[in-house]
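Residue numbers (my numbering), protein chains in the order written: chain A, 42 to 363; chain B, 15 to 273.
The beta-carbon is built from N, C-alpha and C at its ideal position, and this holds for glycine as well.
Remember, predicted model here, so these are calculated numbers, not experimental data.
To start, the structure under review is shown below, and the notes come after it.
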Ligand SMILES: Nc1ncnc2c1ncn2[C@@H]1O[C@H](COP(=O)(O)OP(=O)(O)OP(=O)(O)O)[C@@H](O)[C@H]1O
Ligand SMILES: [Mg+2]
């Protein structure tokens with residue numbers, strides 16, 4: 042996060058607190074975050090294993106009969122007839138995990154590159170648009186939140202519209218944006234931004250109003266300007282709120298970008314891949330599942346990046362008890 | 015010229031027609047350079063309100079407040095107030111040192127000057143060596159000392175303190191009282207101090223202002239003629255007890271008048 046993400050960057054010469062929180066500090070050992078990050082990964086892995094066991098367990102009890110054969114390259118011959126076949130656990134609804142993971146290395150199209158490569162290329166395209174949308178949405182959210190925090194009049198006048206904007210399904214807006222902006226990369230980014238700015242606006246507003254009123258009075262007694270108060274007290278106090286919003290925005294940016302790609306007819310992003318495999322689902326469900334997994338991973342990557350930035354920026358912000 | 019000159023100040027909260035609170039009524043008070051004034055009175059009698067009016071955090075409904083001969087808002091713009099609240103109100107993302115430096119940063123002092131000044135102030139409140147700590151790593155008493163260091167950092171001629179030691183235990187409070195007197199005698203700052211504790215008011219002050227509630231008025235101003243500097247011996251002198259009794263009776267009298 043740099044000062045360019047904050048509208049208050051207009052203040053000059055005051056070194057800002059938001060940056061101060063980034064400043065290295067040697068003598069106080071920061072709380073041990075690496076361990077908690079390790080714990081987070083471990084917990085994630087545990088749940089992942091649990092889901093795998095559950096998934097294949099269900100298939101074992103109620104799935105479609107399956108067969109490994111050395112003719113197909115398996116190591117041994119094996120046939121299994123699940124005792125209680127259930128519709129929801131059929132291969133169409135819940136493909137075997139080895140089929141799903143296997144799909145990554147198999148060609149996506151006949152004689153094409155493996156699916157994983159197709160997905161990676163598509164993900165880069167989508168992530169660029171999502172990132173651009175995330176940045177635009179965040180900036181817009183910070184700006185609106187800041188304006189509303191300082192003007193109750195504008196807040197009352199405009200917040201209902203901000204809320205209304207989010208009740209309109211993005212699918213309805215996407216074609217319009219695409220027509221306006223001529224089905225391009227920018228229209229996708231803009232749709233991602235459209236989903237991102239809302240949580241950032243609301244949480245920035247809330248966060249900027251969160252400081253202790255006495256802290257504001259102190260600033261008043263130092264004859265600090267509005268900007269200085271905003272920069273040195275309000276933004277730092279708002280950081281935890283803003284980061285909560287950024288975590289939401291990080292994931293919605295991906296969703297927004299993918300949905301934005303659908304009507305734009307852009308052939309390069311994850312949206313197009315999903316659409317293709319949607320139509321093939323009845324024949325090759327594992328490909329769509331593989332794509333879903335990959336997309337989720339992209340979202341998680343985005344989310345984790347935000348968490349890491351948050352940890353660095355708020356590492357000394359332990360709430361006092363008083 | 016008085017440091018603080020308050021004449022016929024009234025403060026009414028609430029708009030006309032609604033249920034209004036007369037927080038302060040006909041307040042007149044002159045505070046001279048180098049005085050240590052305590053405001054004491056029952057809860058809700060307007061002590062904090064009076065302090066906040068002096069500091070121009072709120073304005074009086076009518077009457078005038080002059081600080082060093084200027085209207086209070088102008089004194090605030092000139093940064094003539096240091097304020098300490100009951101809670102330390104430290105910024106938890108700033109180290110102790112950075113908290114103390116905050117006013118100096120706002121006033122555009124150079125980093126070198128800020129560091130030097132912050133070290134000096136932390137020395138004064140006996141927190142040398144805690145520069146790089148963060149507020150959550152300090153005890154309540156230490157946090158309050160940081161907030162005092164912060165208030166003194168820019169050398170304000172007037173220090174306004176609203177029950178700064180109210181949340182502390184008796185032993186810490188007595189130690190901080192001694193420290194505050196030491197700071198006061200060294201910095202020659204004029205102090206207006208709100209407290210609920212009669213012994214604390216008597217021990218610290220040059221004059222105790224006794225207030226009564228509904229409406230908030232000054233009922234008595236008691237000069238404290240205990241010798242300076244005050245020390246542990248002060249707390250044992252007969253005169254100290256006499257004055258405590260006098261303030262207590264002043265408070266009772268105020269209550270009596272209400273009934
Ligand atoms: N912002 C406000 N709006 C309305 N009434 C207020 C406001 N601030 C204070 N009052 C009222 O003014 C009166 C004086 O309040 P003040 O806080 O000055 O009392 P105090 O003497 O500091 O009390 P305490 O010892 O409990 O801190 C009280 O009756 C209170 O209800
Ligand atoms: Mg009070």
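For residue 256 of chain B, is the classification buried or exposed, using 16 other Cβ atoms within 10 angstroms of its Cβ as the cut-off for buried?
exposed
Per the contact definition of three or more C-beta pairs closer than 8 Å, is the segment 221 to 231 of chain B in contact with the segment 71 to 86 of chain B?
no
Residue 356 of chain A at chain B interface by Cβ criterion, 7 Å:
no
Would you kindly report the start and end of the unbroken alpha helix (DSSP H) that includes residue 234 of chain A?
226 to 249
Same chain, Cβ closer than 8 Å to residue 148 of chain A, neighbours up to 5 away in sequence not counted
154, 155 and 156
Is the segment 115 to 130 of chain B touching the segment 261 to 270 of chain A in the sense that three or more CB pairs, one from each, lie closer than 8 Å?
yes
Three-way DSSP call (helix, strand, coil) for residue 268 of chain A in this model
helix
Under three-state DSSP, which class holds residue 196 of chain B?
helix
According to DSSP, is residue 207 of chain A part of a helix, a strand, or is it coil?
helix
Check for me: the alpha helix (DSSP H) holding residue 227 of chain B runs from which residue to which?
Residue 227 of chain B -> no alpha helix (DSSP H), and no H or E assigned at all.
In chain order, which beta strand (DSSP E) runs of at least 3 residues are fully inside the segment 144 to 176 of chain B?
172 to 176
With a threshold of 7 Å on Cβ separation, who are the neighbours of residue 21 of chain B within its own chain once the five nearest residues in sequence on each side are excluded?
42, 77 and 78
Here's the rule I'm using: 16 or more other beta-carbon atoms within 10 Å means buried, otherwise exposed. How should residue 95 of chain B be labelled?
buried
Rounded to the nearest angstrom, what separates residue 150 of chain B and residue 278 of chain A at their Cα positions?
15 Å
Would residue 353 of chain A be called buried (16 or more neighbouring beta carbons within 10 Å of its own) or exposed?
exposed
Roughly how many angstroms separate the alpha carbons of residue 48 of chain B and residue 202 of chain B, rounded to a whole number?
6 Å
In three-state DSSP terms, what is residue 161 of chain A?
helix
Is the Cβ of residue 264 of chain A closer than 7 Å to any Cβ of chain B?
yes
Quick check: the segment 285 to 299 of chain A against the segment 100 to 114 of chain A, are at least 3 beta-carbon pairs closer than 8 Å?
no
Buried or exposed: residue 250 of chain B, going by 16 or more other Cβ atoms within 10 Å of its Cβ?
exposed
Tell me, which residues are paired with residue 96 of chain B by DSSP?
B/173
Look at residue 172 of chain B and residue 204 of chain B and say whether their C-beta atoms are less than 7 Å apart.
yes
If you drop the 5 nearest sequence neighbours on each side, which residues of the same chain put their C-beta closer than 6 Å to that of residue 130 of chain A?
99, 100, 103 and 104
Closer than 8 Å, Cβ to any Cβ of chain A: which residues of the segment 87 to 101 of chain B, in chain order?
90, 91, 92, 93, 95, 96, 97, 99 and 101
Of the residues A/260, A/316 and A/240, the one placed nearest residue 283 of chain A, counting alpha carbons only:
A/240
Sorted by chain position, which residues of the same chain lie with C-beta nearer than 6 Å to residue 328 of chain A's C-beta, five sequence neighbours on each side aside?
144 and 318
Would you please verify whether the beta carbon of residue 84 of chain A is less than 7 Å from any beta carbon of chain B?
no
Determine, for residue 67 of chain B, whether the minimum Cβ-Cβ distance to residues of chain A falls below 7 Å.
no
Assuming contact is defined by CB atoms lying nearer than 7 Å, are residue 88 of chain A and residue 170 of chain A in contact in what I supplied?
no
Out of curiosity, what's the CA-to-CA distance linking residue 239 of chain B and residue 207 of chain B?
18 Å
Does the beta carbon of residue 40 of chain B come closer than 7 Å to any beta carbon on chain A?
no
Chain-ordered neighbours of residue 71 of chain B on chain A, where CB pairs are closer than 9 Å:
258, 261 and 262
Can you list, in chain order, the residues of the segment 271 to 293 of chain A whose Cβ is nearer than 9 Å to any Cβ on chain B?
273, 274, 277, 278 and 280
Residues in the segment 101 to 131 of chain B with C-beta within 8 Å of chain A's C-beta atoms, listed in sequence order?
101, 102, 103, 104, 105, 106, 107, 108, 109, 112, 116, 117, 119, 120, 121 and 122
What do you reckon, is the C-beta of residue 62 of chain B under 6 Å from a heavy atom of ligand 2?
yes
For residue 261 of chain B and residue 54 of chain B, which I take to be in contact (beta-carbon distance under 8 Å), what is that distance rounded to the nearest angstrom?
7 Å
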